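Just remember that this note's numbering sits 1 ahead of the position in the sequence shown, which is counted from 1. Note that CB positions come from ideal geometry on N, CA and C, so glycine has one too. Predicted, not measured: the structure shown is a model, and the values here were computed from it. A short write-up of the structure that comes next.
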Amino acid sequence: MNKKTIPQDTIAALGGVGFTLLLTWLIWAMAPLLKDVPHLADSGASWYWWQLPERTTMGIFSAWFFYGLHQLTMWGLIFYAQRRQLQYGHTLHNVNWWALGLNAFFCLLHIAQTHIWYDGLAQHVSIWSALVSVAIMLIWVLLMETPRRGL
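Given below as structure tokens:
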């Protein structure tokens, strides 16, 4: 009898989709808990509506601390992976699993931070920064991967 096994990369992809659906459901299910949060009136396209009228010290500290910790862990993993010179393949290395797990942890931490202090980085960061930073990252990855994979 020929048993077929599901490739590890397929399991990881399906797990990622499942986790994303679960996270989306969790955000939706917890949304009513935020209904009483006060907001300022919308003042145009550059206005970030999801911020509190007044800044809070813990809101600012927790958001920037967790953001910095997330950045440091991801850059640390990238540094580790580059030092090990891991080969590309159809399976995930331990460092990939660590990256997925840490990103999942920080997603859950972000939800908790939102429900405790709400603001996040909204008081300090332009609404356009998310779009611009993702665009820059995608372009940077394209530039890095073009010699190996082409456009």
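Exercise for the section: To the nearest angstrom, report how far apart Leu42 and Tyr49 are at their CA atoms. Expected result: Inspection of the sequence shows that residue 42 is occupied by Ala rather than by Leu. Taking the straight line joining both Cα atoms gives about 10 angstroms.
Handout entry: alpha helix (DSSP H) segments (min. 4 residues) lying fully within the stretch 94-130
Key = 95-118
Exercise for the section: Flag this pair as yes or no: are the beta carbons of Met31 and His116 separated by less than 8 angstroms? Expected result: Contact flag set, yes.
Practice task
Find out if the Cβ-Cβ distance for the pair Thr147, Leu103 is shorter than 8 angstroms.
Solution key: no
Problem - Pair within 8 angstroms by beta-carbon distance, Pro33 and Pro54 - result: no
Practice task
Just the C-alpha distance for Ala113 and Ala13, rounded to the nearest angstrom, thanks.
Solution key: 25 angstroms
Handout entry: Exposure label - Ala46; buried when at least 16 CB within 10 Å
Key = exposed
Problem - Buried/exposed call for Ala64, threshold 16 Cβ in 10 Å - result: With 16 or more other Cβ atoms within 10 Å, it is buried.
Problem - DSSP-derived helix/strand/coil call for Tyr81 - result: Three-state DSSP puts Tyr81 in a helix.
Handout entry: Best match in Lys5, Gly69, Asp10 for proximity to Trp98 [C-alpha to C-alpha]
Key = The alpha carbon of Trp98 has as its nearest neighbour, out of Lys5, Gly69, Asp10, the alpha carbon of Asp10.
Exercise for the section: For Trp1, I'd like the list of residues in its chain whose CB is within less than 8 angstroms of its CB, leaving aside the five on either flank, ordered along the chain. Expected result: What is shown of the chain runs 2 to 152, which leaves residue 1 out entirely.
Practice task
Report, in whole angstroms, the separation of the C-beta atoms of Cys108 and Leu23, which I expect to be a contact under 8 angstroms.
Solution key: About 10 angstroms separates the two Cβ atoms, so there is no contact after all.
Exercise for the section: Report the residue from His94, Ile28, Gly121 whose alpha carbon sits nearest the alpha carbon of Ile79. Expected result: His94
Practice task
Return the CA-CA distance between Arg150 and Asp37, expressed in angstroms with no decimal places.
Solution key: 50 angstroms
Exercise for the section: State yes or no: is the C-beta of Ala105 within less than 8 angstroms of the C-beta of Val96? Expected result: Val96 sits away from Ala105, with the two beta carbons spaced by 8 angstroms or more.
Practice task
State the start and end residues of the unbroken alpha helix (DSSP H) segment that holds Ile7.
Solution key: DSSP places Ile7 outside any alpha helix (DSSP H), giving it a letter other than H or E.
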